Every structure is written in C-alpha cells, then in structure tokens.
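In the UniProt record's numbering, the protein residues as written are 1 to 210.
Accompanying notes for the structure given below.
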C-alpha cells in the first residue's frame, strides 16, 4: 500500500524535525515539500510509523505493509490550503515509482483518512486525487452513468466495508469516503449520490484495473 498524509504542522522544517526525532515515535518514508523537494526519511525496506491504528481491506498492521508519504501542508489545524503544483508534480513520479516497484494497485493508494476515518482527515478534501487518477496512480471519482442502488443505510455500510473502509464508526466512515470521492459536500449523509459513487467503484472492472 501507499498511504498519503499531510504533515499538519506550521512549516516543513518543524515537520521534518518531528519525523526525524526518535522520541516522537512517528516517521514516514518520504516528505514532499511545497517546492517539490523530496526528502527520504526512512528506507523503503524499513518500517515507518505513519499509519497508527488503522484498517484497510482487512489489513490492520498497515505500517508493515505500506510506504508512507508525508506532504507538507499545515493541515486543518494551522491553515489548510491547496497543494502547490510543484509539490504534486514531484509527488506523481514518486508514487508511480513506488507502485511499480511493489506492484501496488490503484485501490491501495489511500489517504490517512481512508485507513483511520475516526481519527484523521489528511490529506484532506483539497488534495488533488484527480491528478493522480489521470496518471492511473489512484482510483478516479466515478462521474458517468451513476445509478442509485437505493441501499438502506445498513446496506451502504456493508458495501463500504467491502470496498475497504472500517465502519465501526459509521459517520466517520461515510465522511472519510465523501472527503475522498465527493469533497465538495462532506456532510456524512448517505444520500443518493454517495450511494451511486460507491456502487460505481464496486462494479466489475477490466482485469488489473482496480
């Protein structure tokens, strides 16, 4: 897996210092600065402490199964803002290289909020997932021929769990899904559009296109 984060600190220097401090007990394999500089913090064959208590598609020890990439951004606490083009331009080939090296599917390129919806919001609703999707580095948001399956709320949550999310906190799981796939309206409501997007993501796709 690849897990994308924002640093959630006031500046890059503070974030890098925190990630390099053993006493902080938090780390990541890479940091991508706003100007596009990439700093390798942990070798890819070593475990980094970036995921915390998390879950995705049945995996609970995500730190042992993932590469963690921290993207410099102050986050919701310190003035969340769009990610500069230079930063994403640098992130795209990094993600592509890691995916190719470890044969990671698009469905396993996730945000921290996807794997820990009750605890985390990063990389957040401003992260340009669509740019990664255009390069086949993340799942795209379905936009065509959407059909409302009219699931009950319980049915939707079962489908959401099948897709990969942990749903022990249903509201948090719905919010995380919307933050990723419908960021313009994050209200936690299981409405027709939210159901339709999830259905489209679950429909069979060509082999190798997950």
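All C-beta atoms, glycine included, are put in the ideal place defined by N, C-alpha and C.
Because the structure is a prediction, the values reported are computed rather than measured.
Helix, strand or coil: which one does DSSP assign to residue i?
i: residue 129; result: helix
i: residue 53; result: coil
i: residue 182; result: coil
i: residue 102; result: helix
i: residue 88; result: helix
i: residue 32; result: strand
i: residue 162; result: helix
i: residue 167; result: coil
i: residue 16; result: helix
For residue i and residue j, I'd like the C-alpha separation in whole angstroms.
i: residue 147; j: residue 47; result: 41 Å
i: residue 39; j: residue 77; result: 23 Å
i: residue 143; j: residue 114; result: 20 Å
i: residue 139; j: residue 173; result: 18 Å
i: residue 192; j: residue 6; result: 30 Å
i: residue 120; j: residue 112; result: 6 Å
i: residue 134; j: residue 128; result: 10 Å
i: residue 101; j: residue 45; result: 11 Å
i: residue 29; j: residue 58; result: 23 Å
i: residue 67; j: residue 83; result: 20 Å
i: residue 87; j: residue 34; result: 5 Å
i: residue 157; j: residue 50; result: 26 Å
i: residue 85; j: residue 13; result: 20 Å
i: residue 150; j: residue 205; result: 21 Å
i: residue 61; j: residue 52; result: 9 Å
In terms of DSSP beta bridges, what is residue i paired with?
i: residue 212; result: Residue coverage of the chain in this structure runs from 1 to 210, which leaves residue 212 outside it and unanswerable.
i: residue 107; result: According to DSSP, residue 107 bridges with nothing at all.
i: residue 39; result: 31
i: residue 26; result: Residue 26 is not bridged to any residue.
i: residue 59; result: 56
Mind reading off the beta-carbon distance from residue i to residue j? Whole number of angstroms is fine, and I expect it under 8 Å.
i: residue 71; j: residue 91; result: 7 Å
i: residue 175; j: residue 186; result: 6 Å
i: residue 11; j: residue 75; result: Not quite, the Cβ-Cβ distance comes to about 12 Å (not below 8 Å), so this is no contact.
i: residue 126; j: residue 80; result: 6 Å
i: residue 2; j: residue 98; result: 6 Å
i: residue 106; j: residue 136; result: 6 Å
i: residue 69; j: residue 32; result: 6 Å
i: residue 200; j: residue 169; result: So it is not a contact: roughly 24 Å between Cβ atoms.
Leaving aside the five residues before and after residue i along the sequence, list all residues of the same chain whose C-beta is less than 8 Å from its C-beta, in chain order.
i: residue 89; result: 36
i: residue 202; result: 159, 162 and 163
i: residue 178; result: 185, 186, 187, 188 and 194
i: residue 171; result: 188
Here's a check: name, in chain order, each residue in its chain whose Cβ is nearer than 7 Å to the Cβ of residue i, leaving out the five neighbours to either side.
i: residue 24; result: 18
i: residue 103; result: none
i: residue 183; result: 125
i: residue 20; result: 41
i: residue 64; result: 47
Can residue i be considered in contact with the ligand GTP, in the sense that its beta carbon sits closer than 6 Å to one or more heavy atoms?
i: residue 169; result: By its list of ligands, the structure shown contains no ligand whatsoever, and the ligand GTP lies outside what it can speak to.
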